[in-house]
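A.B. asks:
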Amino acid sequence: MISYTIQEIATALNGTLVGNTYQKITGPEQLDFANEQQITFIGSKKYIKQWQSSKACAAIVNEDFEIEVGEQKALVKVKNADTAMAQLLEMYVEEGPVFENDIHPSATIHPSAKIGNECRIGAGCYVGKEVVLGDKVTLYPNVTILDKTTIGKGTTIWSGTVVREKCVIGMYCILHPNVSIGADGFGFRPSPDGRGLIKIPHIGNVVIGNGVEIGANSCVDRGKFSSTVIGDGSKIDNLVQIGHNSKMGRCCIMAGSSGLAGSVTLGDGVIVGGGACISDHVTLGNGVLVGGQSGVINDFGDGKKVLGYPAIEARDALKQWAILRRMVKEGK
Amino acid sequence: MISYTIQEIATALNGTLVGNTYQKITGPEQLDFANEQQITFIGSKKYIKQWQSSKACAAIVNEDFEIEVGEQKALVKVKNADTAMAQLLEMYVEEGPVFENDIHPSATIHPSAKIGNECRIGAGCYVGKEVVLGDKVTLYPNVTILDKTTIGKGTTIWSGTVVREKCVIGMYCILHPNVSIGADGFGFRPSPDGRGLIKIPHIGNVVIGNGVEIGANSCVDRGKFSSTVIGDGSKIDNLVQIGHNSKMGRCCIMAGSSGLAGSVTLGDGVIVGGGACISDHVTLGNGVLVGGQSGVINDFGDGKKVLGYPAIEARDALKQWAILRRMVKEGK
Amino acid sequence: MISYTIQEIATALNGTLVGNTYQKITGPEQLDFANEQQITFIGSKKYIKQWQSSKACAAIVNEDFEIEVGEQKALVKVKNADTAMAQLLEMYVEEGPVFENDIHPSATIHPSAKIGNECRIGAGCYVGKEVVLGDKVTLYPNVTILDKTTIGKGTTIWSGTVVREKCVIGMYCILHPNVSIGADGFGFRPSPDGRGLIKIPHIGNVVIGNGVEIGANSCVDRGKFSSTVIGDGSKIDNLVQIGHNSKMGRCCIMAGSSGLAGSVTLGDGVIVGGGACISDHVTLGNGVLVGGQSGVINDFGDGKKVLGYPAIEARDALKQWAILRRMVKEGK
């Protein structure tokens, strides 16, 4: 088990130590759940009063908060307790699941696949024809990578995830469990007799940039032709749907259960709240902010904040909500 | 095939038999789909008139309904036909998928894993280092359990489900297919140059109580530190998202496609309707009822019924809707 | 790599060739992304002006558009460029992922399963007791089919998908990756002491017609008794939830992240927009159109267009939205 002295932690976080504790600190925990061997943090003034009753032996706190340290307890004062906490978490990261064999004998790897150096491939994985894995790619057990897909250096793919044929995944990406990359897009045309639907072939692929993270059970469909694109550094949460031929810029964020229909274009740094949906062919500029559960059916330019169903500029949506509340109050 | 006489069914349900049928009854079916060997049920007066034309040889009915039994047909009168129906279904449960070997030779089980008595582990499963399975745990084919996770007695995990490392699953739980437990929470901080996002490590886990059911393709993310917690007896439907560090009380219900963002706290017996989302850090008291597709952005105390986007008390939401309908009618 | 001359393409599409190009055409691409060896298409007048700057050597265009062909470039004039494009895509479909063995030695197939002619079963698949696969069924690697399920001729099931026991899948269906078919429906009753929930057994199954497509990570739950039914030719997108005992007619369309709660009945040709939810026991007639993210809590008859939360007739929902916008504008 990883543990540190309070001095080691204060030094690592470049903080100022107030008070002292002789505990070996085994990890971080919330104020109310911490035990005597744990360190907590106070990033908001409203939690200061809970410090006296917390069992934690130490806390990381914002340097401008006035907090009495207490006996045999310690405070590590830092500029920003939230940021310091993220640094502290890095210190407690334990090694992930083990690989007894770098390539498990129960994995099926096509002889034409190119496997980079220091790759790890778990039990039950399938790696298809002409797949290319860069160096230090990790596939946890029961991952499926189909033919001609390439996966960049240092990417990690968790169990149950499926990447279909001819897709391109960048370097240092993380695909969480049960993700589906490269399924056919949802496109049909009426049959000649007008009574049915005929599938439109989807011959494109998915291209994912570097440093992208895709949450558990999320889906990115392949392009009808051309590619569905996720830009470098974008972060996608769980259960998110990305429709065929959508193009996402750099460092976008999509929160859980949100979705892009087909052929949506997002600029750089767009943030889409949980449960929000963006309709077909909509274009959103750089830095657009879409409120949770909004339904966006129109284009919006750089930096707009939008909200509601259908989504409008956030200040107007808030006004609509205020009007409705007032009307109820006035019994209209 | 399981079958019963009408006398056997009447006895088992502690009901009163009216009329008779000599059919061997092979199972329950709706009034309009049943054949002569099936039993149906009438739990609402509006269905009484369909009884004469139904092919079913028997029906379970509320004892206060006036229904003419008909020739060579039977009624089983009970206090509550709905409850009796649930009992009847138990009588027709057939054995689940077979295991020819208790532990399939194609499963990969780390030698350090502890496997309880009478466990069944299907083809292609992976059970990692220091995993502990209690007695009578069933893993259907192609389940992945990563290192140091513990799974309680009598729990059943269906195919395609992934439980990541160091999670704790209670006794008598059911995880349906393609569930993802313990993926990293969705947490990032801006990079020092302000142009990118840096992943915050998630060193916590998921702790699931006893008697919990988690629907197909649902996700429960691990805590940043500390645990994401699902209380005893809670029931989660399909495609539900539970964000990191959320804490759910006892016997909560979350219907399909709903979600909790990060650090949400639910009391006991909270019911969340289909498609509803609860925002980050919201706290809902015991017995709160959230209407379908609502978006909850504020705390609500015990017993509140909330509805709408953003969610307000249900009676106020209904008033808003009535006002809007009236305005349209009046052509305002 | 597949390629065609412009003459071959014009002939195949039954179009009129204007101008010429000597390029071997390697595939279709959007106007702005195409290279000199690619063909593009112009199905809307607003894109005509981009033709001059496109690098594409050829374009498929509507015959009534006036477009200057340009030097060493070609136009293929057709009645409807969109439809012709779908035909063109068929010409460029490459063979899917390979199967070195028709039945991979690492697949586990119960000896009692009946496997049709020309079936292909990938690595790590599980096919349970008394499963029946029709001719030409394809299971990509890591698919799980549990006992007594039958799958019709020509159906394709992608990796990670799970079909539970006793389900019936029709002919020429496609199940995309990580789909869950036949999980228990979400049904519980209060325990006798009123403090808990008791699971209601789900002894029914799922019956899927012919020509059905089900998107990645979607779920169709089994009936409590009787069947959950998906009619012939229906198309379901990704991350869609179909609750137990719902019945869907022929050629329905459900867009991404939408859902049916339990016991919903859809007529033929119903279209449900992305993110929309239909409540328990609702019935929608033939050809009903449900707008994206709507919440349908009432029945609607044939041909109705409904929209909003709660969903009302679309023209009334649009009026509500207009009234709200006007009130904000007028500062009420």
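Residue numbers (our numbering), protein chains in the order written: chain A, 5 to 336; chain B, 5 to 336; chain C, 5 to 336.
Using N, Cα and C, we set each Cβ at its ideal position, and we do this for glycine too.
Note that the coordinates shown come from a computational prediction; the quantities given were computed from them, not determined experimentally.
#1: Report yes if the CB atom of residue 102 of chain B is closer than 8 Å to the CB atom of residue 133 of chain C, and no otherwise.
#2: Chain B partners of residue 283 of chain C, CB-CB under 8 Å?
#3: Give me, in chain order, the residues of the same chain whose beta-carbon lies closer than 6 Å to that of residue 239 of chain A; leave out the 5 immediate sequence neighbours on both sides.
#4: Short check: CB of residue 82 of chain A to CB of residue 179 of chain A, under 8 Å?
#5: Quick one: measure Cβ to Cβ for residue 344 of chain C and residue 227 of chain C, integer angstroms, because I've assumed they're closer than 8 Å.
#6: Given residue 223 of chain A, which residues of its chain have a CB within under 7 Å of its CB, disregarding the five upstream and five downstream residues?
#7: Relative to the alpha-carbon of residue 27 of chain B, which residue among B:261, B:13, B:148, B:61 has its alpha-carbon at the smallest distance?
#8: Using only alpha-carbon positions, find the residue among B:315, B:285, B:249 that is nearest to residue 276 of chain B.
#9: Measure the CB-CB distance between residue 190 of chain A and residue 235 of chain C and report whether it falls below 8 Å.
#10: When you compare only the Cα positions, how much space is there between residue 29 of chain B and residue 98 of chain B?
#11: Looking at C-alpha atoms only, which residue of A:301, A:272, A:89, A:163 is the closest neighbour of residue 283 of chain A?
#12: If you reduce the DSSP assignment to three classes, tell me which class residue 332 of chain C lands in.
#13: Could you list the residues in the region 204-218 of chain A with a C-beta less than 7 Å from some C-beta on chain C, going in chain order?
#14: Taking 7 Å as the limit between beta carbons, can you name the residues of its chain near residue 319 of chain C, skipping five residues before and five after?
#15: At the level of alpha carbons, what is the spacing between residue 286 of chain A and residue 328 of chain A?
#16: Taking the alpha-carbon of residue 268 of chain C as reference, which of C:280, C:162, C:278, C:250 has the nearest alpha-carbon?
#17: Using the Cα positions of residue 263 of chain B and residue 271 of chain B, report the straight-line distance between them to the nearest angstrom.
#18: Is it right to say residue 321 of chain C is buried, meaning 16 or more other beta carbons lie within 10 angstroms of its own, or is it exposed?
#19: In the DSSP assignment, the beta strand (DSSP E) including residue 44 of chain A goes from what residue to what residue?
#20: Taking a Cβ distance cut-off of 8 Å, strictly less, list which residues of the region 177-200 of chain C are near chain A, in chain order.
#21: Would you tell me roughly how many angstroms separate the C-alpha atoms of residue 356 of chain C and residue 45 of chain C, rounded to the nearest one?
#22: Is it buried or exposed for residue 42 of chain C, if we count other Cβ within 10 angstroms and need 16 for buried?
#23: Closest to residue 72 of chain B by CA distance: which of B:55, B:86, B:88 is it?
#24: Which chain C residues are close to residue 94 of chain B, counting only those with a beta carbon under 7 Å from its beta carbon?
#25: Report yes if the CB atom of residue 142 of chain A is closer than 8 Å to the CB atom of residue 173 of chain A, and no otherwise.
#26: Along the beta strand (DSSP E) that carries residue 212 of chain C, what are the first and last residues, could you check?
#27: Give the secondary structure of residue 218 of chain C by DSSP, where H, G and I count as helix, E and B as strand, and everything else as coil.
#28: Can you tell me where the beta strand (DSSP E) with residue 64 of chain A in it begins and where it stops?
#29: Considering only C-alpha positions, which residue in the set A:108, A:140, A:149 is nearest to residue 117 of chain A?
#30: Going by Cα to Cα distance, which pick from B:177, B:78, B:69 is closest to residue 59 of chain B?
#31: Residue 126 of chain B and residue 144 of chain C look like a contact to me (Cβ under 8 Å); what is the Cβ gap, rounded to whole Å?
#32: Round the Cβ separation of residue 304 of chain A and residue 289 of chain A to the nearest angstrom and send it over; I've been treating them as touching at under 8 Å.
#33: Going by C-alpha to C-alpha distance, which of B:48, B:76, B:75 sits closest to residue 69 of chain B?
#34: I'd like to know whether the C-beta of residue 307 of chain C is nearer than 8 Å to at least one C-beta of chain A.
#35: Comparing the C-beta of residue 245 of chain A with each C-beta of chain C, is any distance below 8 Å?
#36: Does residue 327 of chain A have its Cβ less than 8 Å from a Cβ in chain C?
C.D. replies: Looking at the coordinates:
#1: yes
#2: 278, 296
#3: 217, 257
#4: no
#5: Lying before the first or after the last residue shown, residue 344 of chain C is absent from chain C, which here runs from 5 to 336.
#6: Annotation for residue 223 of chain A: 184, 187, 245, 246 place their beta carbon closer than 7 Å to its own, counting only its chain and skipping 5 residues before and after.
#7: Nearest C-alpha to residue 27 of chain B: B:61.
#8: B:315
#9: Cβ distance not < 8 Å, so residue 190 of chain A and residue 235 of chain C don't count as in contact.
#10: 15 Å
#11: A:301
#12: helix
#13: 204, 205, 207
#14: Leaving aside the five residues that flank residue 319 of chain C on each side, none in its chain has a CB nearer than 7 Å to its CB.
#15: Looking at the two C-alpha atoms, the distance is approximately 28 Å.
#16: Looking at C:280, C:162, C:278, C:250, the one whose alpha-carbon comes closest to that of residue 268 of chain C is C:250.
#17: 15 Å
#18: Residue 321 of chain C should be labelled buried.
#19: Looking at the DSSP string, the run of the beta strand (DSSP E) that includes residue 44 of chain A is 42-46.
#20: 178, 180, 181, 182
#21: Summary: the structure shown does not reach residue 356 of chain C, with chain C confined to residues 5 through 336, and so no result is reported for it.
#22: buried
#23: B:55
#24: When 7 Å is used as the limit between beta carbons, residue 94 of chain B is near these residues of chain C: 205, in chain order.
#25: no
#26: 209-212
#27: strand
#28: 62-66
#29: A:149
#30: B:78
#31: Actually they are not in contact, since the Cβ atoms of residue 126 of chain B and residue 144 of chain C sit about 19 Å apart, beyond 8 Å.
#32: 7 Å
#33: B:48
#34: At a cut-off of 8 Å between beta carbons, residue 307 of chain C makes no contact with chain A.
#35: Judged by the 8 Å Cβ criterion, residue 245 of chain A is in contact with chain C.
#36: yes
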